[in-house]
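Those protein sequences? They're chains W and F, same order as listed. UniProt numbering applies: residue 1 is where the first sequence begins, and numbers increase by one. UniProt numbering applies: residue 1 is where the second sequence begins, and numbers increase by one. The beta carbon of each residue, even a glycine, is placed where N, CA and C say it ideally should be. This one's a predicted model, so the numbers in the text were calculated from it and none came from an experiment. Here the structure is laid out as structure tokens; the discussion comes afterwards.
There are 2 protein chains.
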Amino acid sequence: MTNQKKITLTEAEIPEKWYNIVADMPNKPLPPLHPGTHEPIGPEMLAPLFPMELIRQEVSTDPWVTIPDEVRELYKIWRPTPMFRAYGLEKLLDTPAKIYYKYEGVSPAGSHKPNTAIPQAYYNKQEGVKRITTETGAGQWGSALSFACGLFGIECEVYMVRASYDGKPYRKMMMNTWGATVYPSPSDRTNAGRSILSQNPDSPGSLGIAISEAVELAMQDDHTKYALGSVLNHVLMHQTVIGLESITQMEKAGDMPDIIVAPFGGGSNFAGIGFPFLRHNLTEGKKIRCIAAGPTSCPKLTRGVFRYDLGDTMGMTPLLPMYTLGHNFIPAPIHAGGLRYHGAGAIVSQLLKDGLIEAQSVNQLECFEAGIKFARTEGIIPAPEANHAIATVIREANRAKEEGVSKTILFNLCGHGHFDMGAYDQYLSGKLVEHEVTQAEILESLAELDTPLIA
Amino acid sequence: MTNQKKITLTEAEIPEKWYNIVADMPNKPLPPLHPGTHEPIGPEMLAPLFPMELIRQEVSTDPWVTIPDEVRELYKIWRPTPMFRAYGLEKLLDTPAKIYYKYEGVSPAGSHKPNTAIPQAYYNKQEGVKRITTETGAGQWGSALSFACGLFGIECEVYMVRASYDGKPYRKMMMNTWGATVYPSPSDRTNAGRSILSQNPDSPGSLGIAISEAVELAMQDDHTKYALGSVLNHVLMHQTVIGLESITQMEKAGDMPDIIVAPFGGGSNFAGIGFPFLRHNLTEGKKIRCIAAGPTSCPKLTRGVFRYDLGDTMGMTPLLPMYTLGHNFIPAPIHAGGLRYHGAGAIVSQLLKDGLIEAQSVNQLECFEAGIKFARTEGIIPAPEANHAIATVIREANRAKEEGVSKTILFNLCGHGHFDMGAYDQYLSGKLVEHEVTQAEILESLAELDTPLIA
């Protein structure tokens, strides 16, 4: 009865540097292109949107970037985060696999997103920015940025997908509590929003539309910048504090993962826990399997194509090299709103293309079945996004049992489900429906693209 | 920039014993009385409701009770909980006071309540109990017991005050996720419920009615017991893990509190953080001020009387020595549902009577103003119950500033407000109303009592 359940670290063990995997990639990520000329864009094109330090980080090839003291101070509010051994789940599955999870839901915003929201707000503050605009779907990112801007005294304006704004009012109230202003998107505050509303006054909105609105506003005003919660290189890099802490924790547990699993939306969750371990594969020839777990209803990594595509709906962003389903692809309204983005970031896409990482897709019912098993054995009620990782872990643990081998599995429990109880209720009352996407739908969406292919 | 924000402990530092303050009280708590005969009741009267080990703890005068290994293993899911120095709040208040908070919201149920739910479920399991009934108001206790019963595979039946059942559906869904069954109270499943419904089919319910229902069911069936989330001696004792950890953490910080503040409902929150420190007052002559912070709308400690009263509405519980507003007192529907109980437990009441602790009352608007200040400086959004402690801490910190003295203040941040965002929204939109209770209302409620006075 003296098993170690929780592996904790002290504040002194918060990482001092972020890890930039670009330095160690055999094939570097392809550059963003200008949407009109299709020529690679320079840092100056991004200057209206982001502070210079974030642009520098976006294009950096240094393997390590120092975390500012002020950011580490604020990380202390919830970091280092705990790692747990899932004894309860292991027992239920009767598996020889050892299962560990890193729990990012202890942040005030309830997910891993503040790991990048804090440094983004910090660099904006350093460069005199007064207001930051952003979009949010399910609300995790909008909450995280509101929290960070609240601490720095920066005005925060969040464009929240109308369907979520109406359906998840508590997330909006959370952002208000931290002092942010939240608008339903499409709104009448931007050309992008007005254009959509003129065609469809009842538009439920989408992440792509909300991005267009937030970007448009940032470009109009010198004191306003834009912040993105995933996809971009600097965002992924900020999240590597998760994996760097995890390495220290696994060492303390006297163990090391054979398999790492993380939910996959735009890539920051997966990169956060995975890249510091992947570094050992790239630089030391280790063979840790890194699995990105996405939804079957938005299967960009498993059924998308690798080509240039827009980051938003209205074409206000550069073209990015992505595994994509097409920027007009509208995924079914699954509860894991954070995984409904049409494309994957440039780094993750290149790694997948090069066979250095794996991807799996999981349907919604399997996810919630896994989430309930987890809640009743480990206690924590996971976010719907996290359930994609848990379902994938259960698959791998069952495989280990069938094969009679012990595997060590680590996954990122990226957030709690306190704002998603309605989804659990639907599942428990048998009302949760599955959303399958047909090959015809994917092909139709991809056929609309006229952006450059990648050899 | 190397200030320690968070003081953490390792699993090995989870306390091995609970502290029973009864051993050190100069005047012991008065015994419960039979509601009919007004004679002190023996342990056998409680046997239909509680497992024998909990009854033994209820009447124990030993200063220390060993925490079973199995309970300590499950405490590891969230314990030890972190302690934080509130640098952000201190800076906002510009106070010479040093403010610390112990954060109990990291438990899966989001509050301190699992500290007693886990051992209560454990002892029931040990004695072969198959089903536990309980009541819940705002839902914190029902969630905690559902979580604990889920881990032990015990059936859990929660009677949730109708007004909360309708108004806080997410709390109900949380309990269902852990496998519990939740009924709105009054229900048609008990004589107590049917009796109320026959007089008023639209009754919004109350904690007193829900207790009557849960107790009635437990008394009918040998395999069913009842569990209470506050008030009773054993419940308060289980919560002392909070204060025992806090002492170790304060020692690590090289500091010790002059003032301790906790929200006050039935007493378990306050006892949990306060009693281990109060022990130093009782046994070593220390002078730490322990302040219970309750709502002005349910001011049992500041405006109630000390006498015997019933624990429930229908008279199914023994008579308990309480500071009470009368068991028929219906407090205004403030958002801090956990603080709406009419009476205080026997131990806390005796300590207040003997001048060994203090009490303050705070109104709802002052509480939410304090909660918003806290969220925007420290990040965490507090539960409405916790805001009563924060408002009181701000009063004491401001007093320290006026007096030009440095004080060390520690408070119990007993839970997060993720299920209370509607309350913050009401406050921010100016719709939150104050509920003052008149002296006439209190006197009218107390005049109905025909229970024994206490000299």
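Requested in this report: Just confirm the distance between the C-beta atoms of Q239(F) and H112(F), as a whole number of angstroms; I'd bet it's less than 8 Å.
Outcome: 6 Å
Requested in this report: State yes or no: is the C-beta of H342(W) within less than 8 Å of the C-beta of T317(W)?
Outcome: no
Query raised in the report: If you compare alpha carbons, which of F411(W), N363(W), Y101(W), H234(W) is closest to Y123(W)?
Result: It is H234(W) whose Cα lies nearest to the Cα of Y123(W).
Query raised in the report: Where G142(W) and F277(F) are concerned, what is the direct C-alpha to C-alpha distance, given to the nearest angstrom?
Result: 41 Å
Query raised in the report: In terms of alpha-carbon separation, which member of M174(F), V158(F), G274(F), S187(F) lies closest to Y19(F)?
Result: Nearest to Y19(F) by C-alpha distance, out of M174(F), V158(F), G274(F), S187(F), is G274(F).
Query raised in the report: Got a sec: does the ligand FAD put a non-hydrogen atom nearer than 7 Å to the Cβ of T190(F)?
Result: By its list of ligands, the structure shown contains no ligand whatsoever, and the ligand FAD lies outside what it can speak to.
Requested in this report: Would you list the one or two residues that DSSP bridges to A386(W)?
Outcome: In the DSSP output, where bridge partners are listed per residue, A386(W) has none listed.
Requested in this report: Quick one: list the residues of chain W neighbouring R376(F), beta-carbon separation under 7 Å, in chain order.
Outcome: G150, W178, G179
Query - Interface residues of the region 342-367 of chain F facing chain W [CB-CB below 8 Å] - result: Listed in sequence order: no entries.
Query - Per-residue burial, V231(W) [other beta carbons within 10 Å of its own, 16 or more giving buried] - result: Buried, by the Cβ-count rule.
Query raised in the report: In chain order, what residues of the same chain have a beta carbon less than 8 Å from the beta carbon of S246(W), not counting five sequence neighbours either side?
Result: Only M83, K102, I273, P276, F277, L410 meet the Cβ criterion.
Report task. Alpha carbon to alpha carbon, how far is E11(F) from K76(F)? Give it in angstroms, no decimals. Result -> 6 Å
Query - Other residues of its chain near G294(F): CB distance less than 8 Å, five sequence neighbours each side excluded - result: P263, F264, G265, K300, L301, T302, L339, A359, Q360, S361, V362, H388
Report task. Give the DSSP-derived three-state secondary structure of E157(F) in the structure shown. Result -> strand
Query raised in the report: Can you name the residues of chain C whose CB is closer than 8 Å to the CB of V106(F)?
Result: No chain C is part of this structure, whose protein chains are labelled W and F.
Query - Residues from the region 8-25 of chain F in contact with chain W, defined by Cβ distance under 7 Å - result: T8, T10, E11
Requested in this report: List the residues of chain W that G415(F) touches, going by C-beta distances under 9 Å, in chain order.
Outcome: Under the 9 Å cutoff, chain W gives no residues; its nearest Cβ is about 11 Å from G415(F).
Query raised in the report: Helix, strand or coil: how does DSSP classify M322(F) here?
Result: strand
Report task. For M1(W), name the three-state secondary structure that DSSP assigns. Result -> Reliability of the predicted coordinates at M1(W) is poor, the pLDDT of 42 falling under 50, and the value obtained from them is presented with this limitation in mind. DSSP places M1(W) in coil when its eight states are reduced to three.
Requested in this report: Anything in chain F within Cβ reach of K76(W), meaning under 7 Å, just list it in chain order.
Outcome: K5, K6
Query - Residues of the region 418-451 of chain W whose Cβ lies closer than 8 Å to any Cβ of chain F, in chain order - result: H418, F419, M421, G422, Y424, D425, L428
Query raised in the report: With distances taken from CA atoms, which of E396(W), T438(W), I381(W), A400(W) is nearest G415(W)?
Result: With distances taken between Cα atoms, G415(W) lies closest to I381(W).
**Report entry** Validate contact between the region 188-196 of chain F and the region 207-217 of chain F using beta carbons, cut 8 Å, 3 pairs
**Finding:** yes
Query raised in the report: Cα separation between D222(F) and R189(F)?
Result: 18 Å
Requested in this report: Report the neighbours of I372(F) on chain W: residues whose CB is nearer than 8 Å to its CB, in chain order.
Outcome: In chain order: T177.
Query raised in the report: Residues bridged to F84(F) by DSSP?
Result: DSSP, once it has assigned bridges, lists K6(F), Y101(F) as partnering F84(F).
Query raised in the report: Going along the chain, which unbroken runs of the beta strand (DSSP E) with 3 or more residues stay wholly within the region 271-311 of chain W?
Result: 289-295, 305-310
Query raised in the report: What are the boundary residues of the alpha helix (DSSP H) that L352(F) is part of?
Result: 346-353
Query raised in the report: First and last residue of the beta strand (DSSP E) that includes W64(F)?
Result: Secondary structure note for W64(F): its beta strand (DSSP E) is the uninterrupted segment 64-66.
Requested in this report: Measure the alpha-carbon distance for G254(F) versus N115(F) and round it to whole angstroms.
Outcome: 26 Å
Query raised in the report: At least one CB of chain W closer than 8 Å to the CB of G379(F): is that the case?
Result: yes
Requested in this report: Would you mind working out which of A138(W), G137(W), K130(W), A148(W) sits nearest E73(W), comparing C-alpha positions?
Outcome: A148(W)
Query raised in the report: Does any CB atom of chain F fall closer than 8 Å to the CB of F147(W)?
Result: yes
**Report entry** For K113(W), three-class secondary structure by DSSP
**Finding:** coil
Report task. Determine which residues share a DSSP beta bridge with L453(W) and list them. Result -> R307(W)
Query raised in the report: Is Q350(W) buried or exposed, if buried means 16 or more other CB atoms sit within 10 Å of its CB?
Result: buried
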